[in-house]
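What follows is a short report on a single structure.
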Amino acid sequence: MALVEIRDVYKSFQREEQRIDVFTGLTLDIEAGSFTALMGPSGSGKSTLLNLIAGLDKPTRGTVRVAGAPVSEMSPSQLAAWRARNIGFVFQSFNLLPVLTAYQNVELPLLLTRLSGKERTERVKLALDVVGLADRADHYPRQLSGGQEQRTAIARAIVADPTVMLLDEPTGQLDARSSQEVLTLLQRLNSEFSKTIVIVTHDAHAAERAKMILHLEKGDLIEKPRVAAAAAR
Amino acid sequence: MDAESYLKIYPEIVLPPEQRDAFLKDRTGALIGKRLLPQFGWKLGQNVTLQGTIFPGDWTFTVDGVYTPTDPAIGDDVLIFHHEYFDERIGRAGIAGWYIVEVDDPAHGPAIAKAIDDMFRNSSAPTKTGTEREFQASFATMWGNVSFLMSTIGLAVVFAILLVTANAMMMSARERTGEIAVLKTVGFSDRLLFGLVMVEAGAMALTGAVLGLGGAKLLYPAINFNGMGFLPGFAVTTSTLVIGALVAVGLMLASGLVPALRAARLPVVQALRHVE
Ligand SMILES: Nc1ncnc2c1ncn2[C@@H]1O[C@H](COP(=O)(O)OP(=O)(O)O)[C@@H](O)[C@H]1O
Ligand SMILES: [Mg+2]
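Residue numbers (the numbering used here), protein chains in the order written: chain B, 27 to 259; chain D, 50 to 325.
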């Protein structure tokens, strides 16, 4: 059984008179411990797919299961609690609350758990250490570079030890060097800590870092193993 | 007032004869209503000094008598003293604020009033004669108008504050669409976010209430506020504090509810599309 099971999913949006069918019967498995890059033109449904996996949005039809949990069937309050434990999400930007320090931003998901203050401190320190920002704990987001902000967001995404990490164009606004740092970090999280990672990216070089590349084209999936993609270039 | 005629025209002012005689003989003497004894801790025969506001300076009187009114309309909280003493101190003898005229028959009242007003119509000080009831009513309406004005101003201020806070809360809610979306993505529930926004509005209202009410409670006694003599005994009472606190709670509910509901209902996917 795959970690993420997407079965015959339909998703459409109604915009005024127009109906946009993003997915018409999408089926996809994502295995535990995998590192998948999701590519495709703008508007092909990449963000929508991540949102469905995270339970931020519901399919019009079909089912989404993550580690056996029926994500597409759960109520909003069940989803909130479930997300706190199972999903680490990173957006392209605006991940951090500007009034909180890096430390406090990373601590947020733990505030929803029953962990003691001491345990929380240990976990936050460990997460900041893993992303190489232990010395930036007391900095506010505006005092961090773009790359450091994204690494802080990644620290927050791993701090609760989630089932899946979902990243929607996390390097989209970063310069080449910061992008490399973030991608190296993700590779390390996957290989060293066995994190299951799905990353959306426009950048073919970034996608190369993943073990598997999926192409979304008009709601359809074209699977290209990493090696094949590399050979094609 | 002119002591002898005043006491004659107001048989409702009752006091022992020896006190009455002492007062009539004492140029700087005063009669006080019985309520003033406990209110200010005054005693019969004591010298009391009042601070003038409209007529500045220290005014010292000897309490020669304590009266008990037989009619509540007279009031038991008045200090009466000799007009002569006032004239001497002020240095403009013979000017009176009002005259009290006793008529033989109430039926003659209107005719007599008209005759008096006609007599002084073209003088430097024209009169306006009316019954005692009308006279008191004119005072009451004056105070009625003032308190109505005060409550209207108060209401307008509360309403203005409501608009300002509600607007501030709305703006911060709009600015925070992204933050709320992030918190929801992290796993904060709709109910928790509703609570957080309400708590924030509550903290704002509470801070305002403590500063405002506490400030009034401390400030007015500190500057000895009495409305330039028009509001003697002015004080910030407990009931005023309670009303103020209730208004603050009302403001919190009114200004926090809409943004809190908005935060709770915000769909993350929609919010993210606006941010990105
Ligand atoms: N909340 C929404 N309301 C209306 N249309 C939407 C909404 N979210 C996505 N869409 C539409 O669905 C399609 C896929 O969007 P998205 O998943 O954001 O694409 P991608 O991330 O691949 O660029 C686009 O045509 C987009 O306009
Ligand atoms: Mg997208």
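Each residue gets a CB set at the ideal place from its N, CA and C atoms; glycine is no exception. Note that the coordinates shown come from a computational prediction; the quantities given were computed from them, not determined experimentally.
| query | result |
| --- | --- |
| 4-residue-minimum alpha helix (DSSP H) runs that sit fully inside the stretch 68-156 of chain B, ordered along the chain | 72-80, 102-112, 128-133, 143-156 |
| Contact check, B:T197 vs B:T178, beta carbons under 8 Å | no |
| B:D55 beta carbon near ligand 2 (any heavy atom closer than 7 Å) | no |
| Residues bridged to D:N96 [DSSP beta-bridge criterion] | D:T111 |
| Of the listed residues D:I202, D:I129, D:Y134, D:F104, nearest to D:Y59 (C-alpha basis) | D:I129 |
| D:G244 at chain B interface by Cβ criterion, 8 Å | no |
| Beta strand (DSSP E) segment containing B:D34, residue limits | 30-41 |
| Residue environment, B:Q40, which counts as buried when at least 16 other CB atoms sit within 10 Å | exposed |
| When B:A160, B:A107, B:W108 are compared against B:V132, the one with the closest alpha-carbon | B:A160 |
| heavy atom of ligand 2 below 7 Å from B:D194 C-beta | yes |
| For D:A309, the nearest candidate out of D:I272, D:R322, D:A271, D:R240 (CA to CA) | D:R240 |
| B:L242 at chain D interface by Cβ criterion, 8 Å | no |
| Residue-level contact to chain D via CB, B:R109, 8 Å cutoff | yes |
| Below-8 Å beta-carbon distance, D:F237 vs any chain B residue | yes |
| C-beta contact flag for B:A233 and B:I239 at 8 Å | yes |
| Beta-carbon spacing of B:G81, B:V35 below 8 Å | no |
| Check whether B:N112 and B:P188 have beta carbons under 8 Å apart | yes |
| Contact under 8 Å by Cβ, D:K177 with D:D167 | no |
| Whole alpha helix (DSSP H) elements within the stretch 174-253 of chain B, 4-residue minimum | 202-219, 230-234 |
| Strand pairing of B:D55, partner residues [DSSP] | B:E31 |
| Anticipated Cβ contact below 8 Å, B:V92 with B:V48, distance rounded | In fact, because the Cβ distance is near 20 Å, the residues do not count as touching under 8 Å. |
| Ligand 1 heavy atom lying under 7 Å from the CB of D:T226 | no |
| is_contact[D:E224, chain B] using C-beta, thresh 8 Å | no |
| Meets three-Cβ-pair contact criterion under 8 Å: the stretch 249-259 of chain D and the stretch 296-308 of chain D | yes |
| Proximity winner among D:F110, D:Y269, D:P118, relative to D:L56 (alpha-carbon distances) | D:P118 |
| Expected contact under 8 Å - CB spacing of D:Y134 and D:R76 to nearest Å | 6 Å |
| Residues in the stretch 81-102 of chain D having any Cβ partner in chain B nearer than 8 Å | none |
| Rounded C-alpha distance that separates D:A250 from D:L211 | 12 Å |
| Proximal residues of chain D, C-beta to C-beta of B:F115 below 7 Å | T234 |
| 8 Å Cβ shell around B:A260 - same chain, five flanking residues per side excluded | In the structure as shown, chain B begins at 27 and stops at 259. Residue 260 of chain B is therefore absent and cannot be evaluated. |
| Listed by chain order, chain D residues near B:N77 by CB distance under 9 Å | V317, V318, L321 |
| Separation of D:L306 from D:A252, as counted between CA atoms | 14 Å |
| Exposed unless 16 or more other CB atoms sit within 10 angstroms - verdict on B:F296 | Since the first residue shown for chain B is 27 and the last is 259, residue 296 of chain B is missing from the structure and cannot be characterised. |
| 6 Å Cβ shell around B:Q206 - same chain, five flanking residues per side excluded | none |
| Reduced DSSP category for D:L128 - H, G, I as helix; E, B as strand; rest coil | strand |
| For D:G78, the first and last residue of its enclosing beta strand (DSSP E) | 78-82 |
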